[in-house]
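Report on the structure given below.
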Amino acid sequence: MGAALAVRVEELHKTYGKVAALTGVTLEIADGEFVAMMGPSGSGKSTLLHCAAGLDTPSSGRVLLGGVEVTALDEPGLAALRRERIGFVFQAYNLLQALDVADNITLPLRLAERPVDEAKLMAIAARVGLDSRLGHRPAELSGGQQQRVALARALITDPEVVFADEPTGALDTRTAREVLTLLRELVDEAGQTLVMVTHDPVAASYAHRVVFLADGHLAGEALRPTPEQVAERMTQLGAS
Amino acid sequence: MTDLIWRLLKADKAGLAGAFAALFAASALLSACGLILQSGLGAGVSAERYAAADVVVSGPDSVRVTIGGKSKTKPLTEPTTLPSSLLKRVAAVPGVRAAIPDRGFPVDLITDDGGSPAATGHGWSTASLAPFTLAAGHAPGPGEVVLDVAAGLRPGDRVTVVAGTAAPTAYRVAGIVRGDLRRPLALFQDAEATRLYGKPQELDAIGVLARPGTDSEELAERLKEALGDSVTVSTGEARSRAEFGDVRQARSDLQEMAASLIGGVVVIAGLVLTGALSLTAHRRRRQIALLRAVGASSRHITRMIAAETAAVALLAGLLGCLPGGLLAALLLNALRLVGLAPDDFAISVGPIPALAAVGACLLISQAAAWAVSRRVLRPLPAQALTEVSVEPPRLSPARITSGVLLLIIGIGASSAPAWWSSVFAVAIAASGGLIMIIALSVLGPPIMRLGTRMLAGRLRRTYGAAGHLATANSLANSRRLAGTVSPMILAIGFALLQLGLPATTASAAQRDLEAGTLATHTLTGGEWGLPPGVSGDVRKLPGVRAATPVVRTRVYAAISLLDSPEVLDYQAQAVDPAGLSGTADLGVEAGSLAGLRPGTVAISRAAAGTLSAKIGSMLHLYLGDGTPYQPEVVAIYSRGSGFGDLTLPRAVVPRSRDDAVLVRADPSADLGALARAHPGLVVSDGAAMRAAQEEGEAAAMLGGLIPLLLVFGYLAMSVANALILAVTERTREFALLRLAGGSRGQVMRMLRAESVLIVTLAVIIGTAAPLLPLAMIAYGLVGLPLPAIQPVTYLAVVGATSALGVLSVLVPARIALRTRPIQALSGHA
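Protein chains in written order, with our numbering: chain L, 402 to 641; chain S, 29 to 857.
This is the structure in C-alpha cells:
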C-alpha cells in the first residue's frame, strides 16, 4: 500500500453537552485500505465514523477526504459530498421500504440528478449477487440480502470511501461471513477504500488494519489481525 | 425526483392521512365561508318593486371617513334618504325616460281579530317600477289603498290602516296587485303617500326608467357622474339592496361573520396542519435521515416535503370543496333559523370561493411544510440515525425564549381590560388568550413534564405498575405528549374563550339591566315599532309616573387610530330625556343626563375609554342613516352593557316611530286600556321584560354558536388525528412490552392511565388559559373579575373534548394490539 491518502483526520474533538465523545483523534487511511474501528461501547468509534463521513460535525479538528476539507463544508456541500464521494452501509433499517431494489440502489444517482446507467446497475447488482432480485421490495428479502442492496447502493456512485457502521451487527454468523467476504473482495478486486465500525473480532479480522479506540482517543492498532489477537486487545481495553 | 416523491408518498399514505384530513376539512370550511361571503357580497334576494327599474338611485350605503389622506368605510345597515331636489337632476340626465320618486313608510293593517300585520306603504306611481299589474279593481284614489294578494281582501272591502305617524284611518280597498311578494304592500295615491311619508324634502330612492335603446349600465355611469358619490347607483341584482333593509343588515352580518371565520380557520388550519405534519415527519425521521445519509441535501428534503404536502393539499382542497357547498347551505339554513339571514336569502354559487379555498389550502400547506422542514432538518443526520427513538431532552434556547415572550405578551394582553376600558381592550384580551394558548404549546414539553410529575403519584396509586409505565413514558416522551395535548388545549381553550366572551358580556348586560331598570312596564309594538301616539297617550294615563320613549339604533364613531381613520359601530339608544330619571338609572358617573338635548350625547365608560372622551369633548358621530352628528359629551355612565354605549336625545334620530316606551306606573294604572286603544301594542311587565331580554341573548348566542361549532369540530378532528397517530406509532413499543411478559390487558391499562393523564393536563391548562382574559374582561365591564359561563356549557366543552381524547387513544390502541407482537416487530419499516 503506501498509496495516496483517502482520509485524514486531525485532532478531532467532539463533545455532546458535557460528554466528550472524541478527545483528539488523528488518523490516516490510505487509498484502497480496509480499516476496522473497534472499541468498547462509548469509546467514540461511531462518532469518529460519523464525523469522518460528514454526517456529524466535530467540535474541533479537521477531516480531509481525498484532499477536500470536509469540516469546512456547509450543509449543501456536505450533502453533495455524501451523494458523490461517499458510500454508506448501516446496521439495519437501511433501505426505503417504498422503493424496489433497483430504485434503492440508484437512489443516490437520482438525488444527484444523474442519469442511471442500466449496465452499471446490472454489473453492481451482479457483483453483490442480487441481479435476479431487482424488482423486489426490501421486505421480501432476507437480512443479508438487504445488506447487499445497501452495499450496492453505496457503490453505485463510485465513491472514494465506503463507510460501514456495524454492517453485520444484525446478521447471523453465516450471513455475516458472506457479507464480509463480499466487502473484502471489493477491496481486493476493485481497490475500494472501506472504513468499518464493528464490535465483532471476526468481522474486524477481515480488514487490513484494526484501529482501537477507548474513551474517545486512539488506543493502538493491529495490522493483518486475527480474530484471537483482536479479541485479546478488546478484553484488555474493556478491563482498563 | 418527482416519481421518487410520488412513490414515497404512496407508501406513506397512512402518515399523510392526518394532513389530508386537516386540509380536506379546512377546504370544506373555507369554501363554505367563501360561499357565505360571496352571498353576503351578492344581492341575496332579487329586486321586486324595482324589478323593472333600469337604474335605482338611493342614498349612501356606507359611512366614509377620511383622515390624513387615508379613508375608511363602514357599511350602513339602516335606510338612508335623498333630498327631493335630486329628482330634477336625475330626470335631466340624457337617456332617462322617467324618474319616479319612492317614499316608503310603515303601515300596519289592522285586522278584525286584532292583529296588525306589517306592510310597507308606497305611492301608486312606483307600481310602474315593478311593474305591478292589477288582478282586480282599479288604481287608488283619495281614501283608497291597493294591497297585494296576501292581505286576503277584495276590492270594495274596508280596512283600518295605521300608516306612518297618522292615527288609525279606514281605507277602501281599490284594487289587488298580482304577484307573490316577500313583503306585504300597501299602495296609496301619490299625494297621500307623500303626506304619510312625513318628510316633504326627502325621498328614499329614485327609480329610473330608461329611454328605449339606452344601455342601463351606461346610464348608471352617466347618473354617477351627474350626481357624485354621495348617492348609490345600482343596476341588476344590486337593486335589491336599495329595496330591502333586512337584506342590507343580513349582508353586512354575513360578510362580517364569514370574514372573521375565514381568518380563524386559516390560523387554526395552519396550527393543525403543522401539528399533523410534525407527527408524520416524526414517523418518517429514519427515512429522512437515510435519504440525507445517501446524499439528499436540505433542499431535497425541503422540496420533497413541500411537494408532497402540495400534492396532498391540491387533492384535499379540491375534494373538500364538494362538502363545502353542502356546508355553506347548512350554515345559511342555520343562520336563517336563528334570524341572522332572511328566509329567502339566496346562496350565491360560483367557482371563486372553491378556487380560493384550494389556493388557501396550498398556501397554508406550504407554510406548514416550511416550518416542519426546518424542524426535521435541525438534527444532523447522524443524530437522527442513532438516537432514533430518544428525543432531545431540552428545548432549543430560541424556542424557550419565544415561548416565554409569547406567554408574557399573552398575559399582558389579557390584562388590558383591567386598566383600559374599551372595546379594543376586550379584543386585545381575547387575542391575549389565544396567544397564551399558543405560548403554552410552544413551551409544551417542560410543562408536560412538570404536570406529569405532579400527577405521577396519583396515577401510580390508581393504576399500579401500568401507572408507573405511563408516567415513565410521558416523562421520557414529553414532546410526543405535548404534541397530543396541545390540540386538546387549543380546542378547550378556544371554545371556552369564544363561549365565555359573549356569556360574560351578556351577563354584564343582565347585571346592568337589573340594577338600572326602574320601569315597571315596557310597551312594544310589531315589526314597525310602536303605533304612533302611544308615548303621548301613556303619559296622560292616571297612575303613570314616568314614560320614556326609546329608539334603538346604531351609531358610528370616527376616530383617528395611529394616524389612520377608524370607524367603530355602537349600539345606541335615543331617548326622551324628560322623565328618564324615573324609568332608567344608567349609573351616571360624571356630568348629568338633564342636559341631554340635540347637540349633545351621553356615553358609557367603555366607549369613553375607546374614544378618549371626557365631559365636554366633541365626538364625530354618524347616525344609523349616515347623517353626521357632532355632539358634546354631557354625561358618562357605567351601565353601557345593558343600555347601549351611546345615549342620544330622541329628537336627533329621524325615525317616525319609537321602538319601545319604558313606563313606571303605579299598580292602579290601567295599561290594558292603552293596549285596547292601540291595536298591536304589547304591554310587558318586569318578568316579561326579562324573558324577552333572555330570549334575545339566547338567539344572539345561538347565532355565534353556529360558526363556533364548525371551528370546534375542526379542532376536534385535529385532536383525534394527533392522538391516533401518536398511538399507532407505538405499535413496536407495545409489541416489546408484550414480549417482555405484559398482557394485552396491562398494555391497555397503561394506555388508560396515559389517556387520563393527557385529558387531565389538557383540561387543567385549557381551562386556565382563557380564565385570565375572561376574568379581566368581566372586571372591565362590571368591576368584578368573575367570568360568566354556564356550568352546562363548560361541562359540554370539556366532556366532549375529553371523551374524544380517551377514545382516540383507546380505540386505535385496541386495534394495534390485535397484531401479534412478533409480527408488529418484524413488520417495522
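Where a beta carbon is used, it is the ideal one built from N, C-alpha and C, also for glycine. Keep in mind the model is a prediction, meaning the values are calculated, not measured.
I'd like the span of the alpha helix (DSSP H) that includes S/Phe762, first residue to last. Translated into the one-based positions of the second sequence, residue 762 of chain S becomes position 734. S/Phe762 -> alpha helix (DSSP H) spans 759 to 767.
Could you give the DSSP three-state label for L/Gln546: helix, strand or coil? What you label residue 546 of chain L is simply residue 145 of the first sequence in a count that begins at 1. Reduced to three states, the DSSP call for L/Gln546 is helix.
Could you tell me which residues DSSP pairs with S/Ile587 in its beta bridges? Counting from 1 along the second sequence, the entry for residue 587 of chain S is found at position 559. S/Ile587 pairs with S/Glu594.
Examine chain S for any beta-carbon lying closer than 8 Å to the beta-carbon of L/Pro477, and answer yes or no. Within the first sequence, residue 477 of chain L is the residue found at index 76, counting from 1. Taking Cβ atoms only, chain S reaches closer than 8 Å to L/Pro477, which makes this a yes.
Using three-state DSSP, classify S/Ser860 as helix, strand or coil. The structure shown has nothing for residue 860 of chain S, since chain S only spans 29 to 857.
Supposed contact pair L/Thr569 and L/Val580 - C-beta distance, whole angstroms, cut 8 Å: Residue mapping note: residue 580 of chain L aligns to position 179 of the first sequence, counting from 1. Residue mapping note: residue 569 of chain L aligns to position 168 of the first sequence, counting from 1. Yes, they are in contact, since the Cβ atoms of L/Val580 and L/Thr569 sit about 6 Å apart, within 8 Å.
Bounding residues of the alpha helix (DSSP H) (the contiguous stretch that carries L/Lys446): In the first sequence, counting from the first residue as 1, residue 446 of chain L sits at position 45. Run containing L/Lys446: 446 to 453, per the alpha helix (DSSP H) assignment.
Taking a Cβ distance cut-off of 7 Å, strictly less, list which residues of the region 499 to 521 of chain L are near chain S, in chain order. Ala499, Leu500, Leu508, Pro509, Arg511, Leu512, Ala513
Residue environment, L/Gln546, which counts as buried when at least 16 other CB atoms sit within 10 Å: As a first step, residue 546 of chain L is located in the first sequence; it is residue number 145 there, counting from the start. L/Gln546 should be labelled buried.
Among S/Pro819, S/Val837, S/Leu65, S/Glu542, which one has its Cα closest to the Cα of S/Arg20? In this structure chain S extends from 29 to 857, so residue 20 of chain S is not present and cannot be described.
Per DSSP, L/Asp432 forms a beta bridge with which residues? One-based indexing of the first sequence puts residue 432 of chain L at position 31. According to DSSP, L/Asp432 bridges with nothing at all.
Going by C-alpha distance, which of S/Thr188, S/Leu237, S/Val201 is nearest S/Leu115? Taking the first residue of the second sequence as 1, we reach residue 115 of chain S at position 87. Here the closest residue by C-alpha is S/Leu237.
Distance between S/Asp281 and S/Leu596 (C-alpha atoms, nearest Å): Mapped onto the second sequence, residue 596 of chain S falls at position 568. Mapped onto the second sequence, residue 281 of chain S falls at position 253. About 15 Å.
Applying a beta-carbon distance threshold of less than 7 Å, which residues of chain S neighbour L/Thr472? The residue given as residue 472 of chain L occupies position 71 in the first sequence. What L/Thr472 touches in chain S: nothing, since even the nearest Cβ is about 13 Å away.
Excluding sequence positions up to five away, which residues of its chain have a Cβ less than 6 Å from the Cβ of S/His328? As a position in the second sequence, residue 328 of chain S is number 300, starting the count at 1. Nothing listed; no residue qualifies.
DSSP three-state label for S/Val416, please. Locating residue 416 of chain S in the second sequence gives position 388, counting from the first residue. In this predicted model, S/Val416 has a pLDDT of only 48, less than 50, meaning its place in the structure is not dependable; the value taken from the coordinates is given anyway. Three-state result, S/Val416: coil.
Going by the beta-carbon positions, is the gap between S/Thr154 and S/Asp130 smaller than 8 Å? What you label residue 154 of chain S is simply residue 126 of the second sequence in a count that begins at 1. What you label residue 130 of chain S is simply residue 102 of the second sequence in a count that begins at 1. Against a cut-off of 8 Å, the Cβ pair of S/Asp130 and S/Thr154 comes out as a contact.
So the candidates are S/Ala396, S/Thr337, S/Ala321, S/Ile380; which of them puts its Cα closest to the Cα of S/Leu408? Within the second sequence, the letter at position 380 stands for residue 408 of chain S. Among S/Ala396, S/Thr337, S/Ala321, S/Ile380, the Cα nearest to that of S/Leu408 is on S/Ala321.
By the three-class DSSP mapping on this structure, what secondary structure does S/Phe48 have? One-based indexing of the second sequence puts residue 48 of chain S at position 20. It is helical.
Who are the neighbours of L/His451 on chain S, taking C-beta pairs under 7 Å? As a working note, residue 451 of chain L is residue 50 in the first sequence. Going along chain S in sequence order, the residues near L/His451 (Cβ under 7 Å) are Ala410.
Where does S/Glu76 fall in DSSP's three states? Your numbering for residue 76 of chain S matches position 48 in the second sequence. Looking at S/Glu76 - three-state DSSP - the assignment turns out to be coil, as it is neither helix nor strand.
DSSP three-state assignment for S/His310, whether helix, strand or coil: Translated into positions along the second sequence, residue 310 of chain S becomes position 282. DSSP places S/His310 in helix when its eight states are reduced to three.
Where are the beta strand (DSSP E) runs, 3 residues long or more, that stay fully inside the region 165 to 222 of chain S, in chain order? 172 to 176, 186 to 191, 197 to 205, 213 to 216
Partner residues on chain S for L/Arg534, Cβ-Cβ distance less than 7 Å: In the first sequence, residue 534 of chain L corresponds to position 133, counting from 1. Correct list: empty, because the minimum Cβ distance to chain S is about 18 Å.
Within this structure, are the beta carbons of S/Pro445 and S/Ile664 separated by less than 8 Å? As a first step, residue 445 of chain S is located in the second sequence; it is residue number 417 there, counting from the start. As a first step, residue 664 of chain S is located in the second sequence; it is residue number 636 there, counting from the start. No; because the gap between Cβ atoms is not below 8 Å, this pair is not in contact.
Count the other CB atoms within 10 Å of the CB of L/Thr472; is the residue buried (16 or more) or exposed (fewer)? Indexing the first sequence from 1 puts residue 472 of chain L at position 71. Looking at its Cβ environment, which holds 16 or more other Cβ atoms inside 10 Å, L/Thr472 is buried.
Quick check on the DSSP output: the beta strand (DSSP E) that includes S/Glu106 runs from which residue to which? Here the question's residue 106 of chain S lines up with position 78 in the second sequence. Premise fails: S/Glu106 is in no beta strand (DSSP E) and is neither H nor E.
Rounded C-alpha distance that separates S/Arg667 from S/Asp540: If you number the second sequence from 1, residue 667 of chain S lands on position 639. If you number the second sequence from 1, residue 540 of chain S lands on position 512. S/Arg667 and S/Asp540: Cα-Cα distance of roughly 5 Å.
Classify S/Arg580 as helix, strand or coil using the three-state DSSP reduction. Here residue 580 of chain S is taken as the residue at index 552 of the second sequence, counted from 1. Strand, per DSSP.
For S/Arg573, name the three-state secondary structure that DSSP assigns. Numbered from its first residue, the second sequence carries residue 573 of chain S at position 545. Looking at S/Arg573 - three-state DSSP - the assignment turns out to be strand.
What does the alpha-carbon distance come out to for the pair S/Ala498 and S/Glu542? Reading the second sequence from its first residue, position 470 is the one you call residue 498 of chain S. Reading the second sequence from its first residue, position 514 is the one you call residue 542 of chain S. Distance between the alpha carbons of S/Ala498 and S/Glu542: 52 Å.
According to DSSP, S/Met778 sits in a beta bridge with which residue or residues? Indexing the second sequence from 1 puts residue 778 of chain S at position 750. The partner list for S/Met778 (beta bridge, DSSP) is empty, contrary to what the question assumes.
Counting pairs of beta carbons, one from the region 572 to 588 of chain L and one from the region 615 to 635 of chain L, are three or more of them closer than 8 Å? no
Quick check on DSSP: helix, strand or coil for S/Asp673? In the second sequence, residue 673 of chain S corresponds to position 645, counting from 1. S/Asp673: coil per DSSP, three-state reduction.
Determine the contact status of S/Leu487 and S/Gly479, defining contact as a CB-CB distance below 8 Å. Sequence index remark: in the second sequence, residue 487 of chain S carries index 459 (1-based). Sequence index remark: in the second sequence, residue 479 of chain S carries index 451 (1-based). No. Outside cutoff.
When Cβ atoms are compared, which residues of the region 525 to 551 of chain L fall closer than 7 Å to chain S? none
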